[in-house]
Structures are given as C-alpha cells and as structure tokens.
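Residue numbers (our numbering): 2 to 203.
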C-alpha cells in the first residue's frame, strides 16, 4: 500500500466523519492493508497524516491559483477583494476524488474549523506559495484589523467550502436548480461582501 493510496483514503474518510471521527486502523482497513500498523509506519500519527493531505493537493492548487492571479493582475484588479477571493477559492472546485466529488473541500472544513491542528495554510512558509500573496493582497484591500481579517477570511473560506460540498450533496439527489458554476460564483460574491463589511469593533 503506497503513501498516496493512504492519503486518498484518509482524505475521503476525514471528509465524511471528521478528523477526530476516524481511527488509523479504519484508514488501514479501508485502504486494503492487512497490516493495521502500516499507516503509523508511514505517517506516525493522525495529525501528521492530516497535514500530509494538504501538500499532496498543493501543486494543483498553486497552478490554478497562479493562472487566476495572473488574470487578476492583467485586469488591474489586485485591490479588488472579489477578484482576489475568486483566485483564492475557486481552485477548491477543481479538486475532486475518484468519485468526482469534492472530498478535499469537505476535509478542509474539518481541518480549518473543527480540528486543533494549526492553520498550516496561513502559518507555514512553504505551504500554498500562491495563496500567501493573495491573502496579503486581500488584507491590504479590505483594511481590517489583522485579528478580524483572520477570522473573516477563515469564515469566508469555510463558508465557500460548505457551498461546494452542498452542491455535491444536492447534485446526487437531483436537487440542483442552477449550474454549479453559478452557485460557486454567488458564494464567492457573498463571501466578498462579508469580508469587506466595515468593522463593528473600534
């Protein structure tokens, strides 16, 4: 069983049950390993495994974000929060699992909002290289106190991820009344409005 296979299974299980709701043994079994210690051997503990999922996705993220940021730059929109949020958030919609669903988006909700794992996407200097300058540009564009900006940005990201996951769920049930791209664009617009609102705290 390869590390890549373990990561794919872990992402799907974490997305469905949450990081705290899945055991290392369950991940081994789902990955088809007869050795229940194989996940421990490759990753050590669940925290390290969860953190390994992110770099596994980052190459694709950075490529797409780089394209979108280049477009924003050419259009002279580097101070436009809506354009910057689109470059930051839309790449989540390109990350699907073998079933065509957005398991990484569902996993990221648990990671960013429900787990005690540090926010690596903001704190690690070698993580999400293209996301970091987008976040810095966003911070300058909305001109909020840093603590409020951090909370609002995390809320904006998680809100958008919920919309992506809900589109998967509604799509399975045949309940979507609009193209998903329109729903994603609307979610980005709503997140931008919330991010740009004046601070209520002096």
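Note that the Cβ used here is the ideal one computed from N, Cα and C, for glycine as well.
Rounded to the nearest angstrom, what separates residue i and residue j at their Cα positions?
| i | j | result |
| --- | --- | --- |
| residue 202 | residue 9 | 42 Å |
| residue 54 | residue 70 | 24 Å |
| residue 131 | residue 56 | 13 Å |
| residue 176 | residue 17 | 20 Å |
| residue 157 | residue 140 | 13 Å |
| residue 44 | residue 31 | 16 Å |
| residue 1 | residue 147 | There is no way to answer for residue 1, as the model of the chain reaches only from 2 to 203. |
Between the Cα of residue i and the Cα atoms of the options, which residue gives the shortest distance?
| i | options | result |
| --- | --- | --- |
| residue 108 | 20, 61, 197 | 20 |
| residue 68 | 32, 183, 135, 179 | 135 |
| residue 29 | 18, 41, 22 | 41 |
| residue 50 | 99, 192, 7 | 7 |
What would DSSP say about residue i, mapped onto helix, strand or coil?
| i | result |
| --- | --- |
| residue 52 | helix |
| residue 46 | coil |
| residue 179 | coil |
| residue 72 | helix |
| residue 79 | coil |
| residue 99 | coil |
| residue 22 | helix |
Just to confirm before moving on: does the CB-CB distance between residue i and residue j stay below 7 Å?
| i | j | result |
| --- | --- | --- |
| residue 138 | residue 79 | yes |
| residue 104 | residue 13 | yes |
| residue 220 | residue 195 | This structure cannot settle anything about residue 220, because the visible part of the chain is limited to 2 through 203. |
| residue 159 | residue 93 | no |
| residue 142 | residue 82 | yes |
| residue 58 | residue 88 | no |
With 7 Å set as the bound, which would you pick, yes or no: does the beta-carbon of residue i sit closer than that to a beta-carbon of chain C?
| i | result |
| --- | --- |
| residue 172 | Looking for chain C here will not work: only one protein chain is present. |
In the DSSP assignment, find the unbroken alpha helix (DSSP H) run with residue i in it and report its ends.
| i | result |
| --- | --- |
| residue 137 | 132-143 |
| residue 5 | 4-18 |
| residue 150 | 147-173 |
| residue 108 | 104-110 |
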